[in-house]
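> There's a structure below that I have some questions on.
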Amino acid sequence: SINPQVTSLNWVLSQNVIPATTKLPVDHTAFPLTAYMRLFAPFLIPASESKVIYMDVDMIVLEDISKLWHTDIGNNIFAAVQDHQKVVSCEWGGIPNYKALGIPADTKYFNSGLLLINTKKWIEAGISNKVIRCMNDNMAHVNYADQYGLNVAMYNQWFELDSNWNCFAAFDYETPYIIHFLDIKPIFKSYNSKKSYQEEFFKYLNMTAWSGFKPISNYKRLYRKIQNKAKKIFMGSKLNLPLFPKFKHNISTAY
Numbered sequence: 018s019i020n021p022q023v024t025s026l027n028w029v030l031s032q033n034v035i036p037a038t039t040k041l042p043v044d045h046t047a048f049p050l051t052a053y054m055r056l057f058a059p060f061l062i063p064a065s066e067s068k069v070i071y072m073d074v075d076m077i078v079l080e081d082i083s084k085l086w087h088t089d090i091g092n093n094i095f096a097a098v099q100d101h102q103k104v105v106s107c108e109w110g111g112i113p114n115y116k117a118l119g120i121p122a123d124t125k126y127f128n129s130g131l132l133l134i135n136t137k138k139w140i141e142a143g144i145s146n147k148v149i150r151c152m153n154d155n156m157a158h159v160n161y162a163d164q165y166g167l168n169v170a171m172y173n174q175w176f177e178l179d180s181n182w183n184c185f186a187a188f189d190y191e192t193p194y195i196i197h198f199l200d201i202k203p204i205f206k207s208y209n210s211k212k213s214y215q216e217e218f219f220k221y222l223n224m225t226a227w228s229g230f231k232p233i234s235n236y237k238r239l240y241r242k243i244q245n246k247a248k249k250i251f252m253g254s255k256l257n258l259p260l261f262p263k264f265k266h267n268i269s270t271a272y
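Per the numbering used here, residue 18 is the first one in the sequence shown, and the count goes up by one each step.
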């Protein structure tokens with residue numbers, strides 16, 4: 018289902034990415050541990066490259082992605098889109114303990130589902146370690162996995178992208194560049210966001226080897242959430258992973 022003329026796919030095992038000394042946060046959410054892989058995206062590319070686009074898997078790209086790639090983010094370490102929750106003091110979402118952390122209530126809050134990263138600056142500043150340490154220090158308040166840690170560790174230190182680059186499927190947009198299925202995914206019968214975006218999803222799905230796929234029951238969705246939480250608790254106590262063997266820069270220098 019991948020056109021090799023325009024796309025190449027390289028699989029990387031998580032145990033070959035995360036430093037052995039890193040203690041991944043085992044929070045109370047149902048987000049899988051793989052959510053933390055975005056923190057190590059800068060280490061997945063050759064040292065000769067200077068930037069990377071990270072995207073959540075639950076997205077559909079409707080605009081020329083090269084326009085995002087060529088966005089000038091100045092001297093910032095990364096760029097993101099402001100979340101629908103807008104600010105850290107939002108009652109639903111945001112940063113629950115922003116006051117205790119000394120973060121102003123009106124500080125903008127971003128969604129970490131799409132990031133344009135300056136990889137060299139990210140590595141030099143040790144962002145991966147800062148975010149993980151922040152989460153381990155504030156575990157009782159972590160609500161959206163690494164998104165919490167990124168917003169705390171990097172508040173007011175990111176470049177704001179055009180909101181069309183991360184459009185939530187629950188809302189209508191005139192010219193969405195990327196649709197993000199944040200809530201229940203379109204593969205489930207209980208999908209509760211905009212119907213037109215689900216139809217767009219299946220339009221592309223039917224161009225692949227999964228053509229004819231039928232939405233699955235909500236019971237399976239809930240089972241997967243429980244399974245994710247159980248795996249997180251189990252794996253979090255077992256992780257003892259080696260450093261990358263693949264690239265020239267030494268990942269351990271960022272920690």
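Beta carbons: idealized from backbone N, C-alpha and C, even for Gly.
If you reduce the DSSP assignment to three classes, tell me which class M152 lands in.
helix
> List the endpoints of the continuous beta strand (DSSP E) containing Q102.
F95 to V104
> Helix or strand or just coil, what does DSSP make of V78?
Looking at V78 - three-state DSSP - the assignment turns out to be strand.
> By Cβ distance, which residues of its chain are closer than 7 Å to T136, with the 5 residues on each side in sequence left out?
P59, I62, E66, S67, K68 and V69
> How many Å lie between S106 and L132 at the Cα?
22 Å
> Output the distance between the C-alpha atoms of S213 and K231, rounded to the nearest integer angstrom.
17 Å
> Can you list, in chain order, the residues of its chain with a C-beta nearer than 6 Å to that of Y172? Leave out the 5 residues immediately preceding and following it.
I120 and T124
> DSSP three-state label for K211, please.
coil
> For D44, is the classification buried or exposed, using 16 other Cβ atoms within 10 angstroms of its Cβ as the cut-off for buried?
The residue in question, D44, is buried, as its Cβ has 16 or more Cβ neighbours within 10 Å.
> Below 8 Å on the Cβ atoms is my contact criterion, and I expect S129 with Q102 to pass it. Report the Cβ-Cβ distance as a whole number of Å.
Contact between S129 and Q102 fails: their C-beta atoms lie close to 12 Å from each other, not under 8 Å.
> Out of K237, Q244 and L222, which has the shortest C-alpha to C-alpha gap to M76?
L222
> Can you give me the C-alpha to C-alpha distance between N20 and V78, rounded to a whole angstrom?
16 Å
> So, helix, strand or coil for I144, using DSSP?
In the structure shown, I144 sits in a helix (DSSP, three-state: H, G or I).
> Any chance the CB of K211 is under 8 Å from a heavy atom of the ligand ADP?
The model depicted lacks the ligand ADP and carries no ligand whatsoever.
> Using 8 Å for Cβ pairs, my map puts V148 next to L56. What's the rounded Cβ distance?
The beta-carbon separation of V148 and L56, rounded to 6 Å, stays under the 8 Å limit for a contact.
> On the three-state DSSP scale, how would you describe H158?
helix
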